[in-house]
Amino acid sequence: MDQSKALAKQASTILETEKAEETLEQSKWPVADRSEPIWARTLSFFFTLGSTFCLLSMIVGTVFLFDLVALGGQAIFAKLLGAGIVVAAIGALAFEFGHTKALSGLRMLRTRFDRGASAVLAVGVFGILEIVHPLLGLAIPSAVIAAAGAGALFQRFGRAEPMWDFRRDEASSIFAGRDASGLKLAALIPAEHPMLAGCQRISGYLGMALAFAVASYLAAIDAVNTAAVPAVSLLSMWATFALTKFVMARYSGDPLQAQPAADVSRRDLALTAEEDEPTEIGLRVAQLDVSGPRGKRLLSTIDLVVDPGTVTCIAGEGGAGKSLLLKAIAAPYDLPGLQVEGQVDMNGQNLWQRGRTQGAVPAYHMSFPPILLPASGAANLTGFHDDAFERGFAILEQLVFSAEIAHEICITPDARNLSSSHQAALAIARGFLMAPSLYLLDRPEDGCDEGLIGAICERIAKETRLGRSFLIISNHRKFQEISQKTAVMQNGNLIDFGDTEAIRTQLAAGWASFSALRTLESDENLTRWIAAQFRRNGDDGNRRKVSSVAGEMLVLSSKTQKGGRPGMTRFKFKHFKGHCVLTMRDDSDPLTPAQVETARKEAQNAAVTSRLSPLAAILSQSLDVEIGHEFNQRVVSAKIETYDPRLTTVAEGQGDVETPA
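Taking numbering that gives the first Met the number 0, I'd label the letters of the sequence shown as residues 0 to 660.
This is the structure we're talking about:
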């Protein structure tokens with residue numbers, strides 16, 4: 000009987016596993032990054048060529064009208080040539096319509112290609128005019144250069160102008176939430192100077208006027224036919240407009256391109272011999288740095304591992320860089336003006352790589368407010384994959400605990416008009432439907448009630464059983480309870496990373512932790528972490544003394560590390576009355592008693608100005624130092640004397656000297 004129950008249970012487990020794997024395969028969405036179709040540029044050029052040919056035909060038609068009708072007095076040609084010009088106009092309209100339909104949905108691409116093709120044809124017009132007479136085409140470059148120079152001056156020395164420059168009383172209406180349209184206008188600041196449009200318009204008329212003057216002069220000396228004067232003016236006007244529009248586009252930027260980071264570079268870090276195949280599975284963030292325009296470090300040497308089927312919470316106070324970390328992992332190109340360096344891989348795949356090739360969604364990044372397109376709730380849920388609606392609706396229903404509410408969300412014409420909680424539920428359900436290998440959730444509890452948060456946590460538990468990884472920024476208790484690992488950030492540094500329970504116990508006991516690479520480059524981050532432990536006025540002496548000991552510990556760890564890639568050094572710190580304890584752990588061989596005794600004698604016999612070895616410096620600045628070896632790790636623990644700035648005064652310029660208050 001027991002054997003039959005065991006077999007039945009085993010069969011049930013196999014069926015559940017097969018069903019889960021089948022669901023996993025069905026739920027994968029194809030993804031392709033936004034790209035320029037290969038055929039679009041060529042097709043756009045031919046449509047622009049046809050349209051331009053019709054426009055130029057209309058201009059050339061004016062030559063015959065002026066010559067045959069106005070000068071020759073042959074009125075019969077007026078109707079014929081006029082009809083031909085109308086036909087050319089209809090042809091131009093037909094080409095424009097075909098251009099619009101052929102590149103439907105690629106409006107900005109169409110505009111850019113049209114601008115480039117028109118500029119090429121304008122250069123051709125200039126060449127033809129130069130062949131007719133060397134002076135005939137000079138009006139075009141003259142007007143374009145003048146407009147470009149004026150535009151460059153305005154763009155460089157002018158002030159960017161928002162779409163709406165509000166008054167103080169109008170700002171109050173915006174802040175009170177009474178004018179959402181005003182907020183959008185005030186926040187929209189075009190890249191181009193407002194005078195660029197005027198420069199472009201004036202350049203066209205300047206080109207026409209200059210060409211008319213030159214053509215009239217050439218006609219007066221019988222170098223060209225008088226009937227060609229109007230046509231030359233119109234051709235020059237069109238060519239000037241086309242070239243100026245192309246040149247001015249460089250000032251306004253390309254709206255197709257998201258404002259890129261100043262620089263995104265990948266560091267291809269070689270693996271050591273000890274790192275085998277399994278280290279390639281899951282999320283691997285290595286030596287990730289993010290710097291501001293002036294070189295200020297916003298994220299410093301972040302090393303993070305999220306294994307498959309695990310949940311990692313990111314904790315830390317406001318401004319620690321948690322949201323920036325998720326953005327740098329998911330989309331560094333969307334960080335305007337920043338420099339991003341490092342290596343970010345998910346299951347061996349470079350998460351920063353972009354391309355038109357279709358594949359599975361590697362990661363899903365969600366922040367608040369969630370990304371919603373101006374479409375129905377159902378379209379936003381399924382990502383316009385109609386065949387996925389049934390599965391998506393089932394997930395959404397599980398989150399909101401009601402088929403009726405899920406139905407209302409799906410039939411909403413514009414999902415952006417949903418309540419914040421329904422928007423959050425919709426975005427979370429979409430993420431689970433996309434079934435990526437990695438979820439990056441930035442404060443998923445925002446806009447959610449407790450019921451929805453509980454449902455999300457239950458769903459996360461199911462997803463982890465399918466091997467999916469979660470990196471979550473949250474201080475909410477429920478998300479912390481389901482996490483296996485916790486990463487603690489401070490001032491752009493990852494100061495601690497480990498088991499959630501161990502870190503929570505450690506923080507509750509008053510211990511602060513910091514992890515860093517065993518390199519001297521980690522000294523700056525280590526000093527900033529120490530400084531964060533002494534925030535009271537008058538703590539400068541404590542800060543300098545402990546930072547000095549910590550720096551010597553880092554030097555000791557760096558000098559004795561094994562070959563290959565740098566390992567990690569872990570520091571722990573805690574305040575006590577009258578002193579603090581700073582502990583350093585690494586994987587080096589333990590210090591021998593002889594080494595310790597030698598360093599102790601060096602510290603005792605050294606002159607005030609002499610340079611001590613790292614261990615001797617630690618001994619000389621500490622009340623007591625304990626050397627040990629625990630769990631295959633070397634441990635150096637220093638007891639350092641400190642003072643309470645509230646009870647003592649520190650002589651100016653002597654932060655280490657205590658004077659009774």
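Where is the CB? At the ideal position from N, CA and C, for every residue including glycine.
Just so it is clear, the structure is predicted and the values come from calculations on it, not from any experiment.
Range of the contiguous beta strand (DSSP E) that encloses Lys573: Where Lys573 is concerned, the enclosing beta strand (DSSP E) stretches over 567–575.
Own chain residues within Cβ distance below 6 Å of Leu437, not counting five before or after: Leu282, Met345, Ala362, Ser468.
Met433 to Met107 span [Cα, whole Å]: Cα to Cα, the separation comes out at about 28 Å.
CB of Thr51 within 7 Å of CB of Ala230, strictly: Inclusion of Thr51 and Ala230 in the CB contact set at 7 Å is not warranted, their separation being larger than that value.
Through-space distance from Gly577 to Asp643, alpha-carbon basis: Looking at the backbone, the Cα of Asp643 and that of Gly577 are separated by about 7 Å.
Alpha-carbon spacing of Ala146 relative to Arg114, whole angstroms: Cα to Cα, Ala146 sits roughly 17 Å from Arg114.
Separation of Val59 from Pro140, as counted between CA atoms: If I take the Cα positions, the gap works out to 21 Å.
With 16 other Cβ atoms within 10 Å as the buried cut-off, status of Ser180: Looking at its Cβ environment, which holds fewer than 16 other Cβ atoms inside 10 Å, Ser180 is exposed.
Three-way DSSP call (helix, strand, coil) for His364 in this model: Look at His364 here: in three-state DSSP terms it is strand.
DSSP beta-bridge partners of Val263: Answer is Val339.
Assumed close pair Glu520, Ile617 - CB separation to whole angstroms, cut-off 8 Å: No, Glu520 and Ile617 are not in contact; Cβ-Cβ is about 20 Å, not under 8 Å.
Distance, Gly320 Cα to Ser514 Cα: Ser514 and Gly320: Cα-Cα distance of roughly 16 Å.
C-beta atoms of Gly446 and Ser420 nearer than 7 Å: Going by beta carbons, Gly446 and Ser420 fall inside the 7 Å limit.
First and last residue of the uninterrupted beta strand (DSSP E) at Ser290: Membership of Ser290 in the beta strand (DSSP E) is indicated by the continuous run 282–290.
C-alpha gap between Val289 and Ile130, whole angstroms: About 55 Å.
For Leu516, three-class secondary structure by DSSP: When secondary structure is reduced to three states using DSSP, Leu516 falls in the strand class.
Rounded straight-line distance, which links the Cα of Pro331 to that of Pro589: Taking the straight line from one Cα to the other gives about 41 Å.
Cβ contact check for the region 90–100 and the region 116–132: 3 or more pairs under 8 Å: Verdict: no, contact absent.
Identified DSSP bridge partners for Ile626: The beta-bridge partner set that DSSP reports for Ile626 consists of Val635.
heavy atom of the ligand GTP below 6 Å from Ala359 C-beta: This structure lacks the ligand GTP, and indeed carries no ligand of any kind.
Contained alpha helix (DSSP H) runs [length at least 4] in the region 53–114, N- to C-terminal order: The qualifying runs are 75–101.
Integer Cβ distance of Leu439 from His364, believed to fall under 8 Å: 4 Å between Cβ atoms; contact.
Minimum length 4: unbroken alpha helix (DSSP H) runs contained in the region 371–399: Entirely contained in the region 371–399, the alpha helix (DSSP H) runs reaching 4 residues are, in chain order, 376–381, 388–399.
Buried versus exposed, by CB contacts within 10 Å (16 or more), Glu389: Here Glu389 is exposed. Its C-beta has fewer than 16 other C-beta atoms within 10 Å.
Meets three-Cβ-pair contact criterion under 8 Å: the region 162–169 and the region 194–212: With fewer than three CB-CB distances shorter than 8 Å, the region 162–169 does not count as touching the region 194–212.
Phe533 (DSSP reduced to helix, strand or coil): It is coil, neither helix nor strand.
Burial state of Phe400 (16 or more Cβ within 10 Å): Using a 10 angstroms sphere on the CB of Phe400, the tally of other CB atoms stays under 16, which defines it as exposed.
Stretch pair the region 456–467 + the region 407–421: three plus CB contacts closer than 8 Å: Cβ pair count under 8 Å is below three, so no.
Minimum C-alpha distance to Thr518 - residue among Thr504, Leu233, Val554: Residue Val554 is the option with its Cα nearest to Thr518.
Pairwise C-alpha distance: Gly72 and Glu191: Rounded to the nearest angstrom, the gap between the Cα atoms of Glu191 and Gly72 is 50 Å.
Three-state secondary structure (DSSP) of Ile188: If DSSP states are grouped into helix, strand and coil, Ile188 belongs with coil.
Distance, Arg535 Cα to Arg645 Cα: Rounded to the nearest angstrom, the gap between the Cα atoms of Arg645 and Arg535 is 9 Å.
Extent of the continuous alpha helix (DSSP H) to which Arg155 belongs: 138–156 is the extent of the alpha helix (DSSP H) around Arg155.
Buried or exposed by the 16-neighbour rule on C-beta atoms within 10 Å, applied to Arg569: With a threshold of 16 other beta carbon atoms within 10 Å, Arg569 meets it and is buried.
Residues bridged to Tyr438 (per DSSP): Assignment of beta-bridge partners to Tyr438 by DSSP yields Tyr363, Phe469.
Whole-Å CB distance - Val124 paired with Ala222, under 8 Å assumed: The C-beta distance from Val124 to Ala222 rounds to 19 Å, too long to meet the 8 Å contact threshold.
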